[in-house]
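Right, one structure below, let's go through it.
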Amino acid sequence: MNDRDESGNLYKIAYNEGIQWPNPWSNRIRYANQTNLDASDDDILEMLNTINFTTGEEQSTAVRQYLVTEKVMAYSIAGVLMCNWDGFFNNMFLYHDPMPGGQWECIPWDLDKTFGYIDPGRSNMYTTMPLTFPLDGRGGEVSREPGPVSRAFHSDAQLHEEYVRQVRQAVDGLFAEERLYDLVEEVETFLNEDLNLLEQYAGVSQSRRRQQIEKSYETMRTFIRLRHNYLRQNLPVEVGNWSIY
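In structure tokens form, the structure reads like this:
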């Protein structure tokens with residue numbers, strides 16, 4: 003499990019799993035233990051109930067006690083950058099470190115509804131996920147129930163402020179437009195070169211497949227451009243970048 007202790011509890015969070023977490027805002031938050039099938043689920047119930055059914059300073063303390071805050075924050079940042087709108091109340095794993103006092107972290111699963119993809123019947127591309135989506139699940143055209151972890155995490159004003167700061171940093175760093183365009187072009191070039199070899203070997207034109215590659219990677223470029231435009235319009239400007247009049 004990527005250097006994690008394999009004896010720890012790993013819960014899959016998905017709407018179609020067997021056990022429902024009782025809460026007042028959603029009947030679709032369900033889970034199942036993937037590693038210790040006969041173990042009690044007391045640990046996940048304790049964590050979810052404590053971080054969600056407390057308020058104020060008590061909630062802030064609970065969030066820091068139960069969660070690996072830097073990893074939960076990284077999950078939110080990545081999810082918002084790629085518009086992972088189905089990945090906060092659903093489609094994720096929660097891993098519990100089995101060490102005494104061990105904390106919890108979020109791990110992504112099933113990233114099909116990212117990079118602008120939404121279900122058929124809606125607009126062609128979703129690029130306007132607000133920064134508050136992990137808190138309340140409200141996203142305009144695409145909305146979901148609040149996430150069982152992200153709701154509590156982003157209710158802490160200090161953690162949410164740091165999350166916004168790191169999103170702004172990522173827009174000019176790991177998620178910088180030119181950096182992503184280079185990565186997209188690298189993979190697209192690799193696929194086309196592989197397709198060239200296939201055509202030479204089989205002696206058959208693969209024009210349809212080439213068009214699929216071109217369309218897919220142009221769609222990714224479009225998402226990157228539109229998502230950047232939205233984020234830059236909605237991220238607060240750092241004080242150091244204010245114009246001096």
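Sequential numbering from 3 applies to the sequence shown in this note's numbering.
Here a beta-carbon is modelled for each residue, glycine too, at the ideal position from N, C-alpha and C.
F225, buried or exposed, once every other Cβ within 10 Å from all chains shown has been counted against 16 = Residue numbering aside, residue 225 sits at position 223 when the sequence shown is read from its first letter. Result: buried.
Going by DSSP, name the residue or residues bridged to A34.
-> Indexing the sequence shown from 1 puts residue 34 at position 32. K14, per the DSSP bridge assignment.
With 16 other CB atoms within 10 Å as the buried threshold, where does D45 fall?
-> Working through the sequence shown from its first residue, we reach residue 45 at position 43. Label assigned to D45: buried.
Between the stretch 141-148 and the stretch 21-29, are three or more C-beta pairs nearer than 8 Å?
-> Flag = yes, the stretch 141-148 and the stretch 21-29 touch.
Using a Cβ-Cβ cut-off of 8 Å (strictly less than) and excluding sequence neighbours within five positions of R124, which residues of its own chain qualify?
-> Residue 124 sits at position 122 when you count from the first residue of the sequence shown. E143, V144, listed in sequence order.
Within the stretch 41-97, ranges of the beta strand (DSSP E) (whole runs, at least 3 residues) | The qualifying runs do not exist here; there are none.
Taking the alpha-carbon positions, what's the E190 to Y232 distance?
-> Translated into positions along the sequence shown, residue 190 becomes position 188. Translated into positions along the sequence shown, residue 232 becomes position 230. Going from the Cα of E190 to the Cα of Y232 covers about 25 Å.
First and last residue of the alpha helix (DSSP H) that includes E188?
-> Counting from one through the sequence shown, the residue named residue 188 turns up at place 186. Per DSSP, the unbroken alpha helix (DSSP H) holding E188 starts and ends at 179-204.
Cα separation between Y128 and S218?
-> As a working mapping, residue 128 is identified with position 126 in the sequence shown. As a working mapping, residue 218 is identified with position 216 in the sequence shown. So the alpha carbons of these two residues sit roughly 15 Å apart.
Through-space distance from Q36 to G20, alpha-carbon basis = Numbered from its first residue, the sequence shown carries residue 20 at position 18. Numbered from its first residue, the sequence shown carries residue 36 at position 34. Cα to Cα, the separation comes out at about 12 Å.
Pick out whichever of N18, W87, V65 has its Cα sitting closest to the Cα of T116.
-> By 1-based counting over the sequence shown, the position of residue 116 is 114. Check the Cα spacing between T116 and each of N18, W87, V65: the tightest is with W87.
Tell me, to the nearest whole angstrom, how far the beta carbon of I109 is from that of F95; I am working on the premise that it is less than 8 Å.
-> Along the sequence shown, one-based indexing puts residue 109 at 107. Along the sequence shown, one-based indexing puts residue 95 at 93. About 4 Å separates the beta carbons of I109 and F95, which is inside the 8 Å limit, making them a contact pair.
Which value, in whole angstroms, describes the spacing of the CA atoms of K73 and D5?
-> Locating residue 73 in the sequence shown gives position 71, counting from the first residue. Locating residue 5 in the sequence shown gives position 3, counting from the first residue. Going by the C-alpha atoms only, they are around 15 Å apart.
With 16 as the cutoff for other CB atoms within 10 Å, does D185 come out buried or exposed?
-> Position 183 of the sequence shown holds residue 185. In the sequence as displayed, the identity of residue 185 is Leu instead of Asp. It counts as exposed.
Taking the alpha-carbon positions, what's the H98 to N92 distance?
-> In the sequence shown, counting from the first residue as 1, residue 98 sits at position 96. In the sequence shown, counting from the first residue as 1, residue 92 sits at position 90. Take the alpha-carbon of H98 and the one of N92: they are about 17 Å apart.
Identify whether E107 lies in helix, strand or coil by the three-state DSSP scheme.
-> Within the sequence shown, the letter at position 105 stands for residue 107. Looking at E107 - three-state DSSP - the assignment turns out to be strand.
Name the DSSP beta bridge partners of Q22, please?
-> Locating residue 22 in the sequence shown gives position 20, counting from the first residue. Note: Q22 sits in a beta bridge opposite R32.
When R234, F135, F155 are compared against T71, the one with the closest alpha-carbon | If you number the sequence shown from 1, residue 71 lands on position 69. Residue F155 is the option with its Cα nearest to T71.
3-residue-minimum beta strand (DSSP E) runs that sit fully inside the stretch 110-156, ordered along the chain = The stretch 110-156 contains no whole beta strand (DSSP E) run of 3 or more residues.
With a cut-off of 8 Å on the beta carbons, I'd call A34 and Y13 a contact; round off their distance for me.
-> Here residue 34 refers to the residue found at position 32 when the sequence shown is read from its first residue. Here residue 13 refers to the residue found at position 11 when the sequence shown is read from its first residue. The pair is a contact, with the Cβ atoms about 7 Å apart (cut-off 8 Å).
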